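Asks:
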Amino acid sequence: MACCGDECMMLQRQGWITWSSDEGVGPATAITGWMKPPVNSRVRYLIVLCHGHGNDASGMMWLAEHWAPHLPDAVFLSLNGWEPCVLHPGTRQWWSLRDRTPETDRAGAARLGPVLAETIRIATTGLGLTACDVALVGFSQGAMSVLAAGLFAESRIAGEVGRAIVSIAGALHLAEEASIPSADTMPAVLLLHGDQDDVVPLTRSMVADSRLKAMHVPVTLTILPGVGHEVTAEEADCALAFIIRVLQADA
Numbered sequence: 001m002a003c004c005g006d007e008c009m010m011l012q013r014q015g016w017i018t019w020s021s022d023e024g025v026g027p028a029t030a031i032t033g034w035m036k037p038p039v040n041s042r043v044r045y046l047i048v049l050c051h052g053h054g055n056d057a058s059g060m061m062w063l064a065e066h067w068a069p070h071l072p073d074a075v076f077l078s079l080n081g082w083e084p085c086v087l088h089p090g091t092r093q094w095w096s097l098r099d100r101t102p103e104t105d106r107a108g109a110a111r112l113g114p115v116l117a118e119t120i121r122i123a124t125t126g127l128g129l130t131a132c133d134v135a136l137v138g139f140s141q142g143a144m145s146v147l148a149a150g151l152f153a154e155s156r157i158a159g160e161v162g163r164a165i166v167s168i169a170g171a172l173h174l175a176e177e178a179s180i181p182s183a184d185t186m187p188a189v190l191l192l193h194g195d196q197d198d199v200v201p202l203t204r205s206m207v208a209d210s211r212l213k214a215m216h217v218p219v220t221l222t223i224l225p226g227v228g229h230e231v232t233a234e235e236a237d238c239a240l241a242f243i244i245r246v247l248q249a250d251a
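Under UniProt numbering, the first residue of the sequence shown carries the number 1, and numbering increases by one thereafter.
(1) Is Val137 near Ile47, with beta carbons less than 8 Å apart?
(2) Check whether the Cβ atoms of Gly228 and Asp197 lie closer than 8 Å to each other.
(3) Could you please give me the residues that DSSP links to Arg92 through a beta bridge?
(4) Could you check the C-alpha separation between Glu65 and Gly54 for me, to the nearest Å?
(5) Does the contact criterion of 3 or more C-beta pairs under 8 Å hold for the region 140-150 versus the region 66-74?
(6) In the structure shown, what three-state DSSP assignment does Leu136 receive?
(7) Using the Cβ count rule (16 or more neighbours within 10 Å means buried), how would you classify Asn80?
(8) Looking only at C-alpha atoms, which of Ile122, Asn40, Leu172 sits nearest to Val161?
(9) What's the gap between the Cα of Asp56 and the Cα of Arg42?
(10) Using the Cα positions of Trp95 and Thr124, report the straight-line distance between them to the nearest angstrom.
(11) What are the start and end residues of the beta strand (DSSP E) that includes Val115?
(12) Gly170 and Val200 look like a contact to me (Cβ under 8 Å); what is the Cβ gap, rounded to whole Å?
(13) According to DSSP, is Cys8 helix, strand or coil?
(14) Within the same chain, show all residues whose beta-carbon is closer than 7 Å to that of Ala28, passing over the 5 residues directly before and after it, in chain order.
(15) Taking C-beta to C-beta, are Asp73 and Arg44 nearer than 8 Å?
(16) Less than 6 Å between C-beta atoms, sequence neighbours within five positions excluded: which residues of the same chain meet that for Val231?
(17) If you follow the alpha helix (DSSP H) that Phe152 is in, where does it begin and where does it stop?
(18) DSSP three-state call for Met206: helix, strand or coil?
(19) With which residues is Phe76 paired in a DSSP beta bridge?
(20) Keeping to the same chain, check which residues put their C-beta closer than 6 Å to that of Ile120; ignore five residues upstream and five downstream.
Below, the structure written as structure tokens:
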């Protein structure tokens, strides 16, 4: 998919956007999402938001509104899941959870990772940015998606997708023998998880924390007492502080 001309301009307009793939980047011929341009005229950062299963891109845009005053040079891109949701008609999914097993989750994440990584690279290039200017943020299945794209996509060389990754109520879907492609740089990862989550248990982020540390990924796990399967204002503030610290580390 080439991003140039009108497509680049599209990335700086507020509202729903659609751009087509001419290289078979995704399962569909069009990628859709919600775009919020920077408060300032200068574009310095791209924040990619990925929703959970049974939602759509609009469900994450409150984070863009909450964060924009603190990241006035950032473009916010909230992507729609690639597929119509099988279990919740009218919404989107990144992969199907029908007949769900650990194997189907691993397969779904493995298929999605390269697609999402390439989509993010295209948006990054279209804005004249580099991976060092990008943060990936996901909730639930969206968190699983950004971890797959930002760390484990077969087409990814670490650091070429994003500099910061925030997983909220997520999990790693990896085979035991999985490893991270070697590279000179590694994204920083923040895992946020409520201790009352009854959809994706806290133990999933604890396992992710251990596995990523074993792979020498700079990762931080923050546990939120009393929080269920949701994105709270406290989690939003924790994520914002992390994103600012990582993206502006060289400022």
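All C-beta atoms, glycine included, are put in the ideal place defined by N, C-alpha and C. Model, not experiment: these values are computed from the prediction.
Replies: Quick look at the numbers:
(1) Yes, these two residues count as a Cβ contact at 8 Å.
(2) Closer than 8 Å, so yes.
(3) Looking at the DSSP assignment, Arg92 forms a beta bridge with Asn55, Pro84.
(4) Cα to Cα, Glu65 sits roughly 22 Å from Gly54.
(5) Contact between the region 140-150 and the region 66-74 is absent: fewer than three C-beta pairs spanning the two stretches fall below 8 Å.
(6) Under the three-state reduction of DSSP, Leu136 is assigned to strand.
(7) Note on Asn80: 16 or more other CB atoms within 10 angstroms of its CB, so buried under the neighbour-count rule.
(8) Measuring from the Cα of Val161, the nearest candidate turns out to be Ile122.
(9) In this structure, the straight-line span from the alpha carbon of Asp56 to that of Arg42 is close to 28 Å.
(10) Computed Cα separation, rounded: 24 Å.
(11) Where Val115 is concerned, there is no enclosing beta strand (DSSP E), although the alpha helix (DSSP H) it sits in stretches over 102-126.
(12) Contact holds; Cβ gap of about 7 Å.
(13) Low local confidence applies: a pLDDT of 46 at Cys8 is under 50, so the model's placement there is unreliable, with the coordinate-based value given in what follows. Of the three classes helix, strand and coil, the one that applies to Cys8 here is helix, per DSSP.
(14) Unreliable placement is indicated for Ala28, whose pLDDT of 45 sits below 50; the coordinate value is still reported in the next sentence. Only residues of its own chain outside the window of five on either side were considered, and among them Trp82 have a CB closer than 7 Å to the CB of Ala28, listed in chain order.
(15) At a Cβ-Cβ threshold of 8 Å, Asp73 and Arg44 count as neighbours.
(16) These residues qualify, in order along the chain: Phe139, Ile168.
(17) Premise fails: Phe152 is in no alpha helix (DSSP H) and is neither H nor E.
(18) Reduced to three states, the DSSP call for Met206 is helix.
(19) The beta-bridge partner set that DSSP reports for Phe76 consists of Lys36, Ile47.
(20) Same-chain partners within the cutoff: Val48, Val161.
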